[in-house]
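So the structure is just underneath, and the comments pick up after that.
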Amino acid sequence: MDISTLKTELVSLIESAEDLPALEQARVSVLGKKGRITELMKTLGGMDPEARRSAGQVINTARDEITALIDRQERSLKKQALESRLAAERVDVTLPARPDPIGHIHPISRTVEELVEIFAAMGFCVAEGPDIDDDWHNFTALNFPPGHPAREMHDTFYLPDDPGETGERARKLLRTHTSTVQIRHMVDHPPPIRIIVPGRVYRSDHDMTHTPMFHQIEGLVVGEDIHFGHLKDCLTRFLEAFFRVRDLPVRFRPSFFPFTEPSAEMDIGCSREGGRLAIGAGADWLEILGCGMVHPNVLRNCGIDPERFSGFAFGVGIDRLAMLKYGIPDLRTFFESDLRWLRHYGFAPSERDSVVLGA
Ligand code: DAH
Numbered sequence: 018m019d020i021s022t023l024k025t026e027l028v029s030l031i032e033s034a035e036d037l038p039a040l041e042q043a044r045v046s047v048l049g050k051k052g053r054i055t056e057l058m059k060t061l062g063g064m065d066p067e068a069r070r071s072a073g074q075v076i077n078t079a080r081d082e083i084t085a086l087i088d089r090q091e092r093s094l095k096k097q098a099l100e101s102r103l104a105a106e107r108v109d110v111t112l113p114a115r116p117d118p119i120g121h122i123h124p125i126s127r128t129v130e131e132l133v134e135i136f137a138a139m140g141f142c143v144a145e146g147p148d149i150d151d152d153w154h155n156f157t158a159l160n161f162p163p164g165h166p167a168r169e170m171h172d173t174f175y176l177p178d179d180p181g182e183t184g185e186r187a188r189k190l191l192r193t194h195t196s197t198v199q200i201r202h203m204v205d206h207p208p209p210i211r212i213i214v215p216g217r218v219y220r221s222d223h224d225m226t227h228t229p230m231f232h233q234i235e236g237l238v239v240g241e242d243i244h245f246g247h248l249k250d251c252l253t254r255f256l257e258a259f260f261r262v263r264d265l266p267v268r269f270r271p272s273f274f275p276f277t278e279p280s281a282e283m284d285i286g287c288s289r290e291g292g293r294l295a296i297g298a299g300a301d302w303l304e305i306l307g308c309g310m311v312h313p314n315v316l317r318n319c320g321i322d323p324e325r326f327s328g329f330a331f332g333v334g335i336d337r338l339a340m341l342k343y344g345i346p347d348l349r350t351f352f353e354s355d356l357r358w359l360r361h362y363g364f365a366p367s368e369r370d371s372v373v374l375g376a
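Shown next as C-alpha cells:
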C-alpha cells in the first residue's frame, strides 16, 4: 500500500477515537508490537540498502507524525473528560442540612473524660508525653536495662536513631506504655506528685483482643510517707466511681513489673452467671489493672531521693475499661471508623451526668 494512503487511513482512525480507551486501542493497532507501522518497519530488513534508506526515512517521518497526533489527541480527550466531570459533579450548595446533624462522642473519648473527672476530684493533674519516645524513657529509666527479659513483652515499632543523641536515648520507638511519662514528669517536677497520664500506646500485636495501637492511663503519686494503703484506697475509690458500684470487692495478687516493688495485679469482684458479666456482685474475680510501689531505682533515675520519698503507680487499659463498662465485645471495632458502630456505641454530647459518686 502506498504510504500516504496508509497515513490518511491511520489519521482518520486516530481522530475518530472518542475516548481514552478507544485512543489506546488505536495506538496499539498502529504502533504496538504488531501495529501497522511496526509491521511496515519490519519489511525494511528485506530491502537493498538504497531502497531501505529512502523507505526508512518515509516510514520514520510517518511514525513521528502519527505519534505526535496521538499525543495531541490524548491531551484533548483528557481535557474533555475533565470538563465533563467538572460540569457533572458541581456541588449544590442549596441542599438542605443532613437530617442527623449531631455528631457522636467515641466511647474512648468518653471514657477518658470520665477518668479525668474521677481523678481530678481526687486532686490529680493530667500529664502528657510524646507517642514517639526513646529506649531510655520506655525501658532503661523504668528499670528494664538492655537485655532485661521483661522487654520481651513490649515488642514495638522502631524509628531511625536520633543522630543528636547517643546510646539508649538515640533509639527512637513508639512507646509501649504510658509509664514513660512517669519518668518525663519526675525529672522535671519535685514531689509531691499526683498525676494521671491518658494516652496512646503501641505494640506489635494484632488479633481479637490486641490492636497495634491502644490506650492506657497511668497514675503516679510520689510524696513523703506514701504507702500501699494509699494505693489501695485510691484505686478502690476510682473503680467504684468508674463502674458506679459501692463497696466493690477488690483483691491484690502479687505480680512483677520492673518499675514497682512490690508489684500487684488488682482484681475486682464480679459475677458471670448465665454468661452475663456483672461487676461488683458475685463470687468471681476480674483482673483489671497493674500497680505497685515505685521502685527506688526509678526514683533515683529521676533524681528523687528514695530514702525521703516513696510512691505508688498503676496502669490500666482504657479500651478494656470502655469494653467492660459499655458492653463492647470486640476491641478492633474501636478503630474501624464505622459510623453505624459509632451511632450505636457513641454518646451524644449532651448525654453526660457526673460520674463522681455522691457529686
Ligand atoms: N506499664 C505496664 C504495662 O503496660 C502497666 C503498669 C503496671 C503500669 C504497673 C504501672 C504499674 O504504673 O505500676 O504493662
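Just add 17 to the spot in the sequence shown (first one is 1) and you have my numbering. Where a beta carbon is used, it is the ideal one built from N, C-alpha and C, also for glycine.
Asked, Found
"Test item: CB-CB of Val-198 and Val-218 under 8 angstroms", "no"
"Cα-Cα separation between Gly-238 and Gly-299, rounded to whole angstroms", "In the sequence as displayed, the identity of residue 238 is Val instead of Gly. Roughly 32 angstroms separates the two Cα atoms."
"The region 218 to 230 / the region 121 to 134 touching (three or more Cβ pairs under 8 angstroms)", "no"
"Near ligand 1: Gln-233 beta-carbon under 7 angstroms from a heavy atom", "yes"
"Residues proximal to ligand 1 by C-beta, any heavy atom closer than 6 angstroms", "His-194, Ser-196, Glu-235, Phe-274, Thr-277, Gly-307, Cys-308, Gly-309, Ala-330, Phe-331 and Gly-332"
"Helix, strand or coil at Gly-63 [DSSP, three-state]", "helix"
"Rounded C-alpha distance that separates Leu-40 from Ser-101", "18 angstroms"
"Reduced DSSP category for Arg-107 - H, G, I as helix; E, B as strand; rest coil", "coil"
"CA nearest to the CA of Pro-177, picked from Thr-157, His-171 and Ile-149", "Ile-149"
"DSSP state of Thr-277 mapped onto helix, strand, coil", "strand"
"Residue range of the unbroken beta strand (DSSP E) whose run includes Asp-36", "First-last for Asp-36: undefined, no H or E at that position."
"Cα-Cα separation, His-171 to Arg-220", "6 angstroms"
"Cβ pair Gly-246, Phe-326 closer than 8 angstroms", "no"
"Which of helix, strand or coil DSSP assigns to Arg-268", "strand"
"Reduced DSSP secondary structure (H/G/I, E/B, other) of Ser-367", "coil"
"Nearest to Arg-367 (by Cα), restricted to the options Phe-231, Arg-127 and Pro-66", "Residue 367 is actually Ser in this sequence, not Arg. Looking at the Cα atoms, Arg-127 is the closest of the given residues."
"Environment of Ser-33 [buried if 16+ CB atoms lie within 10 Å]", "exposed"
"Under the three-state DSSP convention, the category His-154 falls into", "helix"
"Pair within 8 angstroms by beta-carbon distance, Pro-271 and Ala-281", "yes"
"Run of the alpha helix (DSSP H) containing Arg-254, from where it starts to where it stops", "245 to 260"
"Outcome for Val-110 when other beta-carbon atoms lying within 10 angstroms are tallied against a minimum of 16", "exposed"
"Whole-Å CB distance - Ile-212 paired with Cys-319, under 8 angstroms assumed", "Their Cβ separation, rounded to whole angstroms, is 13 angstroms, which puts Ile-212 and Cys-319 out of contact at 8 angstroms."
"Host alpha helix (DSSP H) of His-202 (start-end)", "197 to 205"
"Contact check, Ile-234 vs Thr-195, beta carbons under 8 angstroms", "yes"
"Range covered by the alpha helix (DSSP H) that runs through Arg-337", "335 to 343"
"DSSP state of Asp-178 mapped onto helix, strand, coil", "coil"
"Minimum C-alpha distance to Thr-78 - residue among Val-133, Ser-21 and Gly-49", "Ser-21"
"Whether Val-315 touches Phe-276 by CB criterion (8 angstroms)", "yes"
"Unbroken stretches of the alpha helix (DSSP H), 4 residues or longer, contained in the region 43 to 95", "53 to 59"
"CB-CB length for Leu-303 against Asp-284, believed under 8 angstroms", "6 angstroms"
"The region 81 to 96 touching the region 323 to 339, judged by at least three CB pairs closer than 8 angstroms", "no"
"Straight-line gap, Glu-35 to Ala-68 (C-alpha atoms, nearest Å)", "38 angstroms"
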